[in-house]
Amino acid sequence: MVKKYIPVSEPNLKKKELDYVVDTVKSTWISSKGKYIDKFEKMFAEYIGVNHAISVSNGTVALHLALLALNIGPGDEVIVPNLTYIATANSVTYVSATPVFADSEEDTWNIDPKSIERLITRKTKAIIPVHLYGNPCNMNEIMKIAKTNNLFVIEDSAEALGSEYFGKKTGSFGDVSTFSFYGNKTITTGEGGMVVTKDSEIANKLRILKGQGMNPDRRYWFDIIGYNYRMTNIQAALGCAQMERVDELVRAKRNIAQLYNKYFMDIPNIIIPAEKYSTINTYWMYSIILKNYCREEREKFREKLEKLGIETRPFFYLMTEMPPYNSYENNECKIAKLLADKGLNLPSSTLLKEEEIKYICGEVKKCLKEL
Ligand SMILES: *Cc1c(COP(=O)(O)O)cnc(C)c1O
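So for the sequence shown, my numbering puts the first residue at 1468; every next one is plus one.
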C-alpha cells in the first residue's frame, strides 16, 4: 500500500529517543546542563573524527559562532555559494562581513573552486563550502586554494552528516565546521546544531561565546559580549539516541538513492545526483534536474506531483535573486542559476518504502511526458 501523502522528509524517531527524553524529564535536568549534552558532544566528535564538538541551539547560530571564533568581521569578505540555504549567507551578514557569491559545479551542484579563485580579493578572509544535499564539495581544491591564499575554511555540513571525501567525514576538513539537527536533517534534535574543530583554542572560544561570554574560571564574570546559543539536555537526549542510530539512518538515505537511481534509469530529460570518485554522498535530499525545462515548467511539474500526493521542493533560490542580497554582485553564476531553475528535491525520508519510491518514479515519468 502506498501512503496517501508522501512528504519530502519526516523525523525518524523510535523508542530509544522517547526513553532518553523521558529520562531527562524524570531527572529534572532539562536545561543546558546534563549527561546527554556531554555524551552527545563526545559521540559526535568521535564520529566526525575531530577533537572538539560544541553543541548549540541550531545550525544557523553554529555558523555565526564559527565566524566569530575566527574573528571575521566588518570589512572582511567571505566566499559562499550562491546556491545554498540562506543561513550560510546570513551568518556572514550577522558579523557585518560581506558575503561574496560563487557559482556551482555542473556535476556536484556544489561551490566551484574555479569560481572561488576568481572572487578572491585582498579582503577575503574565509570560504564557506556547503555540501549541498549531502554531496561532498571538492575539498582537495578548496583546501589548496585556502592554503595558498591564507583563508579560513568553514564547512557548512548541515546537509551532509555521514558523507565522506577520500575516506574522511565531511566536517573534518575545515578550520571549523557546522551541522544542523533541524527536524528534516539526517539526524534531528528538533532544533539544534553542532560546531566542530580540531583546534582547542578555537574550541574554548566557541564555548565561551555560546555561554554569554562567561569566564570559565570565574562564574558570573564576563570578559566579552557573548550569546546564549546553548542546546538543552532534552535536545541532546534526542541527539544521543539518533547518533546511536546514525549508521542505520545514513544507510537508509543511501539505499533510497540507489532505488531512485534504479527506477530512473530509463527516464530521459532528467539528471540524477552524482557520486564522484572517492566520495560518499549521503543524499540528504534526493534531487533531480529537469534538463530541458524552465522554472515555470518545473513549478507546473511540482503541482502535478503535489496533486498525486507527492511532496517536492524546488532547489534553493539563488541568494542574489532574493531581497536581502539582490543588490549584491551576482557574479553571473550561470550554472547555479540553471540548477536553481530546474532542480527539485523528491521525498527522501528514511521511512520511505521501495513501493513508494517505485510509485514516485512512475508518476514522475508520466508527469514529464505531459509537460
Ligand atoms: C539547515 C541548514 C542550515 C541551518 O540550520 P538550522 O538548524 O535550520 O538553523 C544551514 N545551512 C544549510 C546548508 C542548511 O541546510
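Even glycine gets a Cβ: it sits at the ideal position worked out from N, Cα and C.
What you are looking at is a predicted structure, and each value in this text was computed from that prediction instead of being measured.
- When secondary structure is reduced to three states using DSSP, Ser1647 falls in the strand class.
- In the DSSP secondary-structure assignment, Glu1544 is bridged to Thr1565 and Thr1591.
- Relative to ligand 1, Val1597 has its C-beta within less than 6 Å of a heavy atom.
- The alpha-carbon of Glu1837 is positioned some 37 Å away from that of Leu1628.
- Taking Gly1660 as reference, the option from Glu1766, Val1475 and Ile1504 with the minimal CA-CA separation is Ile1504.
- Pairing Ile1802 with Ile1737, the inter-Cα distance amounts to about 16 Å.
- In this structure, Ala1625 sits away from Gly1706, with a CB-CB distance that is not shorter than 7 Å.
- Checking the 6 Å criterion, the Cβ of Ala1554 is within range of a heavy atom belonging to ligand 1.
- Where Gly1526 is concerned, the enclosing alpha helix (DSSP H) starts and stops at Gly1526 to Ala1536.
- The beta carbon of Ala1533 sits no closer than 6 Å to any heavy atom of ligand 1.
- Closest option to Ser1524, judged by alpha-carbon separation, among His1598, Arg1674 and Val1492: Arg1674.
- Between Ala1593 and Ile1669, the beta carbon gap of about 13 Å keeps them out of contact (Cβ cut-off 8 Å).
- In this chain, Ile1539 is not harboured by any alpha helix (DSSP H), its DSSP state being neither H nor E.
- Counting the other Cβ atoms within 10 Å of the Cβ of Ile1691 gives fewer than 16, which makes it exposed.
- Spatial neighbours of Lys1665 in its own chain (CB-CB distance under 6 Å, excluding positions within 5 residues in sequence) are listed in chain order as Val1517 and Asn1518.
- By the neighbour-count definition (other C-beta atoms within 10 Å, threshold 16), Ser1667 is an exposed residue.
- Leaving aside the five residues that flank Gly1829 on each side, the residues in its chain whose CB is nearer than 8 Å to its CB run, in chain order, Tyr1730.
- The continuous beta strand (DSSP E) containing Phe1619 extends over residues Phe1619 to Asp1623.
- Contact between Ala1741 and Thr1575 holds: CB atoms are separated by about 6 Å, below the 8 Å threshold.
- Proximity of the beta carbon of Asp1623 to ligand 1 is indicated: a heavy atom of the ligand is located closer than 6 Å.
- Here DSSP, grouped into helix, strand and coil, assigns Gly1601 to helix.
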